[in-house]
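Chains as they are written, first to last, in this note's numbering: chain F, 6 to 345; chain C, 7 to 449.
All C-beta atoms, glycine included, are put in the ideal place defined by N, C-alpha and C.
The next block holds one structure in the form of C-alpha cells; read it before the comments.
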Amino acid sequence: MEIQLIGITVLWIFLYGYLIVASIDFGAGFFAYYGTITKKDHIINNIISRYLSPVWEVTNVFFVFFFVGLVGFFPSTAYYYGTALLVPGSIALVLLTIRGSFYAFGNYGAKESHLYTFLYGATGLLIPASLSTALTISEGGFITVENDSVVFLVDELFTSFYSWSVVFLAIVSVLYISAMFLSFYASKAKDTQALALLRKFALFWSPPTILASFLVFLALRNHNIEHFNRMLDYSYLFILSFICFNIAVWFVYHNKRYGTAFIFVMLQFFFAFFGYGASHLPYILYPYITIDTGFTNETMGVALVIAFIAGLLLLIPSLILLMRMFLFDAKYVEGTRDSR
Amino acid sequence: MPELDSAMLSRLLTSMTLGFHIIFATLGVGVPLLISGAEWIGIRRNDEHYRLLARRWTRGFVVTVAVGVVTGTCIGLQLSLLWPSFMEVAGQVIGLPLFLETFAFFFEAIFLGIYLYTWDRFKNPYYHWLLSVPVVIGSTLSAFFISTVNAFMNSPKGFKLENGQITEIQPLIAMFNPATPTKASHVISSAYLTSAFVLAALTAFLILKKGQSAYYKKALHFTMVTAFVFAISTAVIGDFSGKYLAEYQPEKLAAAEWHFETEKGADLIVGGVLDENNEVKYGLRLPNFLSILAHGDPNAEVTGLEEFPEDEWAPLFIHYLFDAMVGIGMFLAALSTAYLILSKWKKEWSLSKLFLWAIIISGPLAMLAIEFGWIFSEVGRQPWILWHVMETKDGATTSEHVGSMFILFFALYVVLGWICTIVLLKMFRNNPVETEFEEQLDR
Ligand code: HDD
Ligand code: HEM
Ligand code: HEM
Numbered sequence: 006m007e008i009q010l011i012g013i014t015v016l017w018i019f020l021y022g023y024l025i026v027a028s029i030d031f032g033a034g035f036f037a038y039y040g041t042i043t044k045k046d047h048i049i050n051n052i053i054s055r056y057l058s059p060v061w062e063v064t065n066v067f068f069v070f071f072f073v074g075l076v077g078f079f080p081s082t083a084y085y086y087g088t089a090l091l092v093p094g095s096i097a098l099v100l101l102t103i104r105g106s107f108y109a110f111g112n113y114g115a116k117e118s119h120l121y122t123f124l125y126g127a128t129g130l131l132i133p134a135s136l137s138t139a140l141t142i143s144e145g146g147f148i149t150v151e152n153d154s155v156v157f158l159v160d161e162l163f164t165s166f167y168s169w170s171v172v173f174l175a176i177v178s179v180l181y182i183s184a185m186f187l188s189f190y191a192s193k194a195k196d197t198q199a200l201a202l203l204r205k206f207a208l209f210w211s212p213p214t215i216l217a218s219f220l221v222f223l224a225l226r227n228h229n230i231e232h233f234n235r236m237l238d239y240s241y242l243f244i245l246s247f248i249c250f251n252i253a254v255w256f257v258y259h260n261k262r263y264g265t266a267f268i269f270v271m272l273q274f275f276f277a278f279f280g281y282g283a284s285h286l287p288y289i290l291y292p293y294i295t296i297d298t299g300f301t302n303e304t305m306g307v308a309l310v311i312a313f314i315a316g317l318l319l320l321i322p323s324l325i326l327l328m329r330m331f332l333f334d335a336k337y338v339e340g341t342r343d344s345r
Numbered sequence: 007m008p009e010l011d012s013a014m015l016s017r018l019l020t021s022m023t024l025g026f027h028i029i030f031a032t033l034g035v036g037v038p039l040l041i042s043g044a045e046w047i048g049i050r051r052n053d054e055h056y057r058l059l060a061r062r063w064t065r066g067f068v069v070t071v072a073v074g075v076v077t078g079t080c081i082g083l084q085l086s087l088l089w090p091s092f093m094e095v096a097g098q099v100i101g102l103p104l105f106l107e108t109f110a111f112f113f114e115a116i117f118l119g120i121y122l123y124t125w126d127r128f129k130n131p132y133y134h135w136l137l138s139v140p141v142v143i144g145s146t147l148s149a150f151f152i153s154t155v156n157a158f159m160n161s162p163k164g165f166k167l168e169n170g171q172i173t174e175i176q177p178l179i180a181m182f183n184p185a186t187p188t189k190a191s192h193v194i195s196s197a198y199l200t201s202a203f204v205l206a207a208l209t210a211f212l213i214l215k216k217g218q219s220a221y222y223k224k225a226l227h228f229t230m231v232t233a234f235v236f237a238i239s240t241a242v243i244g245d246f247s248g249k250y251l252a253e254y255q256p257e258k259l260a261a262a263e264w265h266f267e268t269e270k271g272a273d274l275i276v277g278g279v280l281d282e283n284n285e286v287k288y289g290l291r292l293p294n295f296l297s298i299l300a301h302g303d304p305n306a307e308v309t310g311l312e313e314f315p316e317d318e319w320a321p322l323f324i325h326y327l328f329d330a331m332v333g334i335g336m337f338l339a340a341l342s343t344a345y346l347i348l349s350k351w352k353k354e355w356s357l358s359k360l361f362l363w364a365i366i367i368s369g370p371l372a373m374l375a376i377e378f379g380w381i382f383s384e385v386g387r388q389p390w391i392l393w394h395v396m397e398t399k400d401g402a403t404t405s406e407h408v409g410s411m412f413i414l415f416f417a418l419y420v421v422l423g424w425i426c427t428i429v430l431l432k433m434f435r436n437n438p439v440e441t442e443f444e445e446q447l448d449r
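So, in C-alpha cells, the structure goes:
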C-alpha cells in the first residue's frame, strides 16, 4: 500500500473510533438531560455516569489525535481548512470546551446542577452537528480560492439541502448509537428499569437513522454526482451496512443479546463509514486537496507511520485494560464495587 | 503602536489561550508526580496520612485536568485555525513530535481514568500505585514533546529551504534541535517546582486557618522537600538556557539583558529603565555576571544588539520579564532551602505565621514565573515565528474574524476560570480532612 493510503486509513480508523465513542458520550448527555426534565433521571443517570466517568478524557483524545494526525500527514489541510473554518471551528471548540469542563465540574466537583446538565445535554447535539459540517465541506462547493486567499461560502452551506441532511444524520445517529450502547450497558448491569427505557430510545431512533442515511445519498447525488457514482461502486459495503442495521435492531426488538446487537451497530457504521471514505478518495477536500497533492513528504510520512505502530503497541494493551476494568467487569458495571 | 490586523490579533488570541492553558498544563505535568510520590510513601510506611493526601490531591486534580484538556484542545486546533501558513510549513518538518504527543495524552488519559476509579479495588496496594506511573510518564512526555516543537520554532533544524520548497527533511534532527535539551528540561523541572509550591501554599494556608496537625505537617514537609529539589534543578537548567541563548539566539539574550554593545566582561543589568537613547538608568549592575550567565567565564565576550538590524530586535520590555522570572526563581530556591534548614534546627520557626505566609505567596509566584518565562521566551523570538526562516506576520491567517473570536474566547476563559475556582473551593470546603480521614480508616 502507498504511504499516503496508509496515512489516510490510519486517520479514518481513528475518526471512526471517535464517531463511536463520541456518539455514546454525546447521546448520553442528551438522554441524561431528557431524563432530568421528564423526572426519569433516577432510572438512567446512574448507568450513564458509571460508564462515562472513567472514559470521557479518552474520548477527547480520539478527536485530538484525528486533527493533529491530519495536519501531520496532510499539512495543506491546515492551510485550507484552517483559513476557511476559523469561525465555525472556534464555535465548535467553545462548545466542546463547555461540554468537557462542565461534565467534570458536575461529575467530580460540585453537586448536580440543572444548568450543568442542560449545557451538557444541549452541546451533545450541537457538537455533532457542527463537527459534521467539516465532512460536508470536504465535498466541495463551500470553499473557493479567490486571489490566493481561501474563502468560506457560509450562505451556500446554510442553504444547501445536502448540508442539512448531513446534520440531520449526525444528530439521529448519535442518539441511535448511544441508546444502543447504553441498552447494552444496562442489560449488562442487570438494571431492568433502565434497560426498558433505553431500549425504547434505541428502537425509537432506529428508523430515523436509516431514513437520514437515504436522504444523504439522495442529497449527495445532487451535490457531487462524481462522488455519488463512486459510491455506487462500493454499494456492497452500504448493503452490508444495512444488513447489520437490521440484525442489530432485530436483537433489540426481541429483547435479547444486547452485546451482539451493539457489535452489529458498530459494523453497520464501519461499513457505511469506510464505504463513504473509500469513495471519497483520492480527494480530501474536493477539488483542492487529494491524498497525493496534500501529502507531507515521504520521510515524514514514514516517521509518522513508525510512530503510529509504536504508539499502538502501547495503546492497545492499555485500552484493553481500561475496558476490562469498566466495561467487562460485572461488579463495576452493576455498581456493587466501591469505586472511589 | 502596532495596528490590530489579523496577524496581531492572532498573536493576542494565541497568547491568551496558551497563557490560560499553561496554568492547568503545568499542574497537569507536576501534580501527578506529587500524587504518585505521596501514595508510594503512604504504602511503604503504611501511613494513612500520605494515602489520604494522594486521594485528596487527586480529587482536585481531576478538575484542573479537565480544564487543561479542553483548553489544550483549543490551542491544538487554534494552531491550525490562526496560523495556517505556518502549520503548513512546520507540519512537514515538526509533525512527528506533535503526533507523538497525542499518544502521550492517550496513555495518560487511559491510566488516569483507571487510577481514579480503582482506589480500593486491589488487594495489593502497590497495584493501584503502579497505575499512577503511566500518568506521570504520559504527562511529562507530553510536556517534552510539545517543548520540542517550541524548541524547533526557536532553532529550526533538519530541513533545507530552496525557493520556498522544503527539502531534505530529517524529522529526528528537527525534533532534537539545539534548543531541545534546555527547553524541555527547564519546562519540565519548572512544572514540578510550581506544582510542589502550589500544593505547599495550599497546605500552609490550611495550617494557618485550621491549626497544625500531623496530616498537614507531613503534607508541608513532603511538598517543600520536593520544591527544594526542583528549585535547584530549575535554576541550574535556567543557567544552561542562558548559555544556549548566547550561542544560538544571541539577540534574544541581548534584548533580555539590554546589552547593546558587544563587549568582554559584560555586566548583568537588573531592573532599570531605558531612556530614548537606549541608555540604562537606575539599574543594578552586577559586574561580569552576564559573561558568566552567557559563557560561564567572567571575561568572555557577549554579543550585543548593535550587531543586528534594529527591525529584528525583540521588544525590549522582555528584560523585566526575565528579571522577574529569575528573581522569583532565586526567592523560591532560598525559601525552600531555608525551610530545610529550619525544619532540622528550629522546627517551630518553619511553622511560624511569617514563614507560612511566605510559602502561601510562593505558590502564585511560581505560577507567575511560568507565565513570565514563557512570555519572555515567545516575545523574545519576535519578529520570527520560525527563527530566521519565517516571520510571524507571514504565518497568520488572513481571516477578518479573529477579533470577534478573541472576544468569544476571552469570555469563555473568564467563565471557565471563575467556575473552576468555585468548584475547587466548594470541594474542599464540603469535605474536611478530619471526617474523610475517619472514613478512610473505616474502609
Ligand atoms: C517556576 C518557573 C521558572 C523559574 C523559577 C525559572 N524559570 Fe526560566 N523559564 C521558565 C520557568 C522558570 C519557563 C516558563 O519554563 C520558560 C519559558 C520557555 C521555556 O523554555 O521555559 C523559561 C525560560 C527561560 C529562558 C529562555 C529560554 C529560551 O527562550 O529558549 C532562560 C534563559 C531562563 N528561563 C533562565 C532562567 C534562570 C537563569 C532562572 C534562575 C533561577 C530561571 N530561568 C528560573
Ligand atoms: C502550543 C502549545 C500546546 C498545544 C498545542 C497543546 C495541546 C494540548 C492538547 C490538545 C491537550 C488536550 C489533550 C487531551 O485531549 O487529553 C493538552 C493538554 C495538556 N497539555 Fe498542552 N499544549 C500546548 C502547550 C503545553 C505545554 C507548554 C505544556 C507543558 C508544560 C502542556 C502540557 C499539557 C498537559 C500535561 C496536558 C494534559 C491535561 C492536563 O493534565 O492538565 N501543554 N495540550
Ligand atoms: C504554554 C506556554 C506558552 C505561553 C504562555 C506562550 C505565550 C505566547 C505568547 C505571549 C505569544 C505571542 C508572542 C508575540 O506575538 O509577541 C506566543 C506566540 C506563539 N506561540 Fe507560544 N507560548 C507558550 C508555548 C508555546 C508552545 C509550546 C508552542 C509550540 C508548539 C507555541 C507556539 C506559538 C506560536 C505558533 C505563536 C504565534 C507566533 C508568534 O507570535 O511568534 N507556544 N506564545
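Requested in this report: Give the DSSP-derived three-state secondary structure of GLU451/C in the structure shown.
Outcome: Because chain C in this structure spans residues 7 to 449, residue 451/C falls outside the shown range and cannot be described.
Query raised in the report: What's the C-alpha gap between ALA180/C and GLU397/C?
Result: Locating residue 180/C in the second sequence gives position 174, where the first residue counts as 1. Locating residue 397/C in the second sequence gives position 391, where the first residue counts as 1. Cα to Cα, the separation comes out at about 19 Å.
Query raised in the report: Would ARG104/F be called buried (16 or more neighbouring beta carbons within 10 Å of its own) or exposed?
Result: In the first sequence, residue 104/F corresponds to position 99, counting from 1. The residue is buried, with at least 16 neighbouring Cβ atoms inside 10 Å.
Report task. Compute the Euclidean distance between the alpha carbons of SER344/F and PHE107/F, then round it to the nearest angstrom. Result -> Residue numbering aside, residue 344/F sits at position 339 when the first sequence is read from its first letter. Residue numbering aside, residue 107/F sits at position 102 when the first sequence is read from its first letter. Because SER344/F carries a pLDDT of 46, less than 50, the predicted location of this residue cannot be relied on, and the following value inherits that uncertainty. So the alpha carbons of these two residues sit roughly 22 Å apart.
Query raised in the report: Quick one: Cα of LEU299/C to Cα of GLU263/C, how far?
Result: Position 293 of the second sequence holds residue 299/C. Position 257 of the second sequence holds residue 263/C. Rounded to whole angstroms, LEU299/C to GLU263/C spans 11 Å at the Cα level.
Report task. Below 8 Å on the Cβ atoms is my guess for LEU371/C versus PHE337/C; work out the distance and round it to an integer in Å. Result -> Your numbering for residue 371/C matches position 365 in the second sequence. Your numbering for residue 337/C matches position 331 in the second sequence. With a Cβ gap of about 7 Å, LEU371/C and PHE337/C count as contacting.
**Report entry** Min CB distance THR4/C to chain F below 8 Å
**Finding:** The displayed coordinates of chain C run from 7 to 449. Any statement about residue 4/C would go beyond what the structure contains.
Query raised in the report: Within 10 angstroms of its Cβ, does THR43/F collect 16 or more other Cβ (buried), or is it exposed?
Result: Your numbering for residue 43/F matches position 38 in the first sequence. Exposed: under 16 other Cβ atoms inside 10 Å.
Query raised in the report: Do you know offhand how far SER297/C's Cα is from TYR326/C's?
Result: Position 291 of the second sequence, counted from the start, is the residue given in the question as residue 297/C. Position 320 of the second sequence, counted from the start, is the residue given in the question as residue 326/C. Cα to Cα, SER297/C sits roughly 19 Å from TYR326/C.
Requested in this report: Give a yes or no on whether the minimum CB-CB distance between MET331/C and chain F is below 8 Å.
Outcome: Looking up residue 331/C in the second sequence gives position 325. Chain F, which has no Cβ nearer than 8 Å to the Cβ of MET331/C, makes this no.
Query raised in the report: What separation, rounded to the nearest whole angstrom, lies between the Cα atoms of PHE36/F and LYS45/F?
Result: By one-based count along the first sequence, residue 36/F stands at place 31. By one-based count along the first sequence, residue 45/F stands at place 40. Near 10 Å, if we compare the C-alpha coordinates of LYS45/F and PHE36/F.
Query raised in the report: Do we get a CB-CB distance below 8 Å when we pair MET159/C with the residues of chain F?
Result: Mapped onto the second sequence, residue 159/C falls at position 153. Chain F, which has no Cβ nearer than 8 Å to the Cβ of MET159/C, makes this no.
Requested in this report: Could you tell me if the beta carbon of LEU83/C falls within a distance shorter than 7 Å of some heavy atom in ligand 1?
Outcome: Numbered from 1 along the second sequence, position 77 holds the residue referred to as residue 83/C. False, no ligand heavy atom lies under 7 Å from that Cβ.
Query raised in the report: When the distance is taken between beta carbons, is PHE105/C closer than 8 Å to VAL309/F?
Result: Here residue 309/F refers to the residue found at position 304 when the first sequence is read from its first residue. Here residue 105/C refers to the residue found at position 99 when the second sequence is read from its first residue. Correcting the residue identity first, residue 309/F is Leu in this sequence and not Val. Yes.
Requested in this report: Pull out every residue of the region 175 to 190 of chain C whose Cβ sits closer than 8 Å to any Cβ of chain F, in chain order.
Outcome: ILE175, GLN176, PRO177 and LEU178
Query raised in the report: Can you name, in chain order, every residue of its own chain whose Cβ lies under 7 Å from the Cβ of ASP400/C, other than the five neighbours on each side?
Result: Taking the first residue of the second sequence as 1, we reach residue 400/C at position 394. The answer, listed in chain order, is SER91.
Query - Beta-carbon proximity list for LEU326/F, same chain, < 7 Å, skipping 5 on both sides - result: Along the first sequence, one-based indexing puts residue 326/F at 321. Cβ neighbours of LEU326/F beyond the five flanking positions: none.
Report task. Compute the distance between the beta-carbons of ALA277/F and SER218/F, then report whether it is under 8 Å. Result -> Numbered from its first residue, the first sequence carries residue 277/F at position 272. Numbered from its first residue, the first sequence carries residue 218/F at position 213. Closer than 8 Å, so yes.
**Report entry** Terminal residues of the alpha helix (DSSP H) in which THR154/C lies
**Finding:** The sequence position of residue 154/C within the second sequence is 148, counting from 1. Run containing THR154/C: 131 to 160, per the alpha helix (DSSP H) assignment.
Query - Check: SER247/C C-beta below 7 Å from any heavy atom of ligand 1 - result: By 1-based counting over the second sequence, the position of residue 247/C is 241. Checking the Cβ of SER247/C against ligand 1 gives yes.
Query raised in the report: Does ligand 1 have a heavy atom nearer than 7 Å to the CB of THR398/C?
Result: For the purposes of this step, residue 398/C is taken as residue 392 along the second sequence, with counting starting at 1. No - ligand 1 has no heavy atom lying nearer than 7 Å to the Cβ of THR398/C.
Query raised in the report: Is it a yes or a no for the region 69 to 82 of chain C touching the region 157 to 171 of chain C, going by three-plus beta-carbon pairs under 8 Å?
Result: no
Query raised in the report: Going by C-alpha distance, which of GLY271/C, ILE365/C and LEU87/C is nearest THR404/C?
Result: Taking the first residue of the second sequence as position 1, residue 404/C is located at position 398. Comparing Cα positions, the closest option is LEU87/C.
Query raised in the report: Looking at the unbroken alpha helix (DSSP H) that takes in ARG104/F, where does it start and where does it end?
Result: Numbered from 1 along the first sequence, position 99 holds the residue referred to as residue 104/F. Looking at the DSSP string, the run of the alpha helix (DSSP H) that includes ARG104/F is 91 to 109.
Query raised in the report: Whose C-beta lies closer than 7 Å to the C-beta of PRO80/F among residues of the same chain, with five residues either side of it excluded?
Result: For the purposes of this step, residue 80/F is taken as the residue at position 75 of the first sequence. For PRO80/F, where only same-chain residues beyond five positions count, the Cβ hits under 7 Å are THR301.
Report task. Under the assumption that PHE313/F contacts VAL15/F (Cβ atoms under 8 Å), give the Cβ distance between them as a whole number of angstroms. Result -> The sequence position of residue 313/F within the first sequence is 308, counting from 1. The sequence position of residue 15/F within the first sequence is 10, counting from 1. Going by Cβ atoms, the distance from PHE313/F to VAL15/F rounds to 6 Å, so yes, they are a contact pair.
Query raised in the report: If you measure from the beta carbon of LEU83/C to each beta carbon in chain F, is any gap under 8 Å?
Result: By 1-based counting over the second sequence, the position of residue 83/C is 77. Yes - at least one Cβ of chain F is within 8 Å of the one on LEU83/C.
Requested in this report: Could you tell me if the beta carbon of ILE152/C falls within a distance shorter than 7 Å of some heavy atom in ligand 1?
Outcome: As a first step, residue 152/C must be located in the second sequence, where it is residue number 146. ILE152/C: no, Cβ never under 7 Å from ligand 1.
Requested in this report: For HIS134/C, count neighbouring Cβ atoms within 10 angstroms of its own Cβ and tell me buried if that reaches 16, exposed if not.
Outcome: In the second sequence, counting from the first residue as 1, residue 134/C sits at position 128. Buried, since its Cβ has 16 or more Cβ neighbours within 10 Å.
Query raised in the report: Counting only beta-carbon atoms, is SER137/F nearer than 8 Å to chain C?
Result: Walking along the first sequence from the start, residue 137/F turns up at place 132. No, SER137/F lies away from the interface with chain C (no Cβ there is under 8 Å from its Cβ).
Query - Where TYR241/F falls, given that 16 or more other Cβ within 10 Å makes a residue buried - result: Sequence index remark: in the first sequence, residue 241/F carries index 236 (1-based). Result: exposed.
Query raised in the report: With a cut-off of 8 Å, do at least 3 Cβ pairs link the region 94 to 109 of chain C to the region 26 to 33 of chain C?
Result: no
Query raised in the report: Cβ atoms of SER196/C and ILE41/C: under 8 Å apart, would you say?
Result: Walking along the second sequence from the start, residue 41/C turns up at place 35. Walking along the second sequence from the start, residue 196/C turns up at place 190. In this structure, SER196/C does not lie closer than 8 Å to ILE41/C by Cβ.
Report task. Using a Cβ-Cβ cut-off of less than 7 Å, give me the residues of the region 144 to 171 of chain F that come near chain C, in sequence order. Result -> SER154
Query raised in the report: When every heavy atom of ligand 1 is checked, does at least one fall within less than 7 Å of the C-beta of THR403/C?
Result: Along the second sequence, read from residue 1 onward, the residue named residue 403/C stands at position 397. Not under cutoff, so the answer is no.
Query raised in the report: Which class does SER154/F belong to by DSSP, given the choice of helix, strand or coil?
Result: Position 149 of the first sequence, counted from the start, is the residue given in the question as residue 154/F. It is a strand residue.
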